[in-house]
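Taking it in order: structure first as structure tokens, then the write-up.
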Amino acid sequence: MKASPRGGSGSAAWSRRRFVGACLAASAGLTLTRVAEASLARAISLETLVRTSHHVVFATPVEASSRWEQVAGRKRIVTYTRLLVSESLGAIAPEESELMVRTLGGQVGDIGQIVHGEAELALNRPSVLFVGLASQGPLFIQAMSQGEYPTREHQGEPQLRLSPRLSEIDADARSAVRLLNERQLSAARKLIQEVSR
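Going by the numbering used here, the letters in the sequence shown line up with residues 70 to 266, in that order.
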């Protein structure tokens, strides 16, 4: 083996170069990296959510289809979901037993779009939904994922859960997410109807 000019082996010199290079790269990364700041969504109060919703329903998504549409001047994928309404919880009951709502995002062919914070209406999963009515346009889930409360059976009654798409949120005691999460449907119904008066 041939000695390097400094008396070490060639591979040892190469290892030192790699070590020094790695240290310099790590130092540059630490120096140039900015501190990331997380953003929190602000929670909507239950009163505001109820009062701004056209319907509040306990419903099950039974069919969904996605397509391209112009939304706010841009071409986007939207999903239309047909809801089978089991019960109206708000002041204005739907005239029909079914509603069609639009959410942003979905998949058309090989192209998918995710809109963070949008409601995720899983088929055959009963949910309490706060449905908004646009002046010109389709029904939608009010306050996006803050207006969707999927349920699961608990002690023989549906229990409300937070939307799986709900991001980190700054929620106070009056917020819908605090007041409705893990409530039995009967207790949630009472809260919503008190606010509706």
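The beta-carbon is built from N, C-alpha and C at its ideal position, and this holds for glycine as well.
- Residue state for A133 is assigned as strand, using DSSP reduced to three classes.
- The Cβ-Cβ distance between I113 and I146 does not fall below 9 Å.
- One alpha carbon belongs to S157, the other to S166, and they sit about 10 Å apart.
- A residue is called buried when at least 16 other Cβ atoms come within 10 angstroms of its Cβ; V197 meets this threshold and is buried.
- Shortest Cα-Cα distance from G174 to any of P195, L202, S214, R194 involves S214.
- Scanning the stretch 147-189 from its first residue to its last, the whole beta strand (DSSP E) runs of 3-plus residues come out as 167-173, 175-177, 180-182.
- Contact check for A212 against F199 passes: the beta carbons are separated by less than 9 Å.
- In the three-state reduction of the DSSP assignment, L260 falls in the helix class.
- The Cβ atoms of R194 and T172 do not sit closer than 9 Å to each other.
- One thing to note: L152 has its Cβ no nearer than 9 Å to the Cβ of D239.
- In the same chain as P207, and ignoring 5 residues on each side of it, the C-beta atoms closer than 6 Å to its own belong to R171, in chain order.
- DSSP, read as helix, strand or coil, puts R247 in helix.
- For E138, the secondary structure class from DSSP, reduced to helix, strand or coil, is strand.
- For E251 and V125, the gap between their C-alpha atoms comes out near 18 Å.
- For A128 against S155, the beta-carbon gap comes to about 6 Å, under 8 Å, which counts as contact.
- Around the beta carbon of P233, fewer than 16 other beta carbons sit within 10 angstroms, so the residue counts as exposed.
- Apart from sequence neighbours up to five positions away, the residues of its chain that approach L248 with a beta-carbon distance below 7 Å are L115, L260, ordered along the chain.
- Between G159 and S122, the CB-CB gap stays under 9 Å.
- Between L229 and G186, the C-beta gap is not smaller than 9 Å, which leaves the two residues out of contact.
- Assignment of beta-bridge partners to S114 by DSSP yields S244.
- By the neighbour-count criterion, in which 16 or more other beta carbons inside 10 Å mark a residue as buried, G178 falls on the exposed side.
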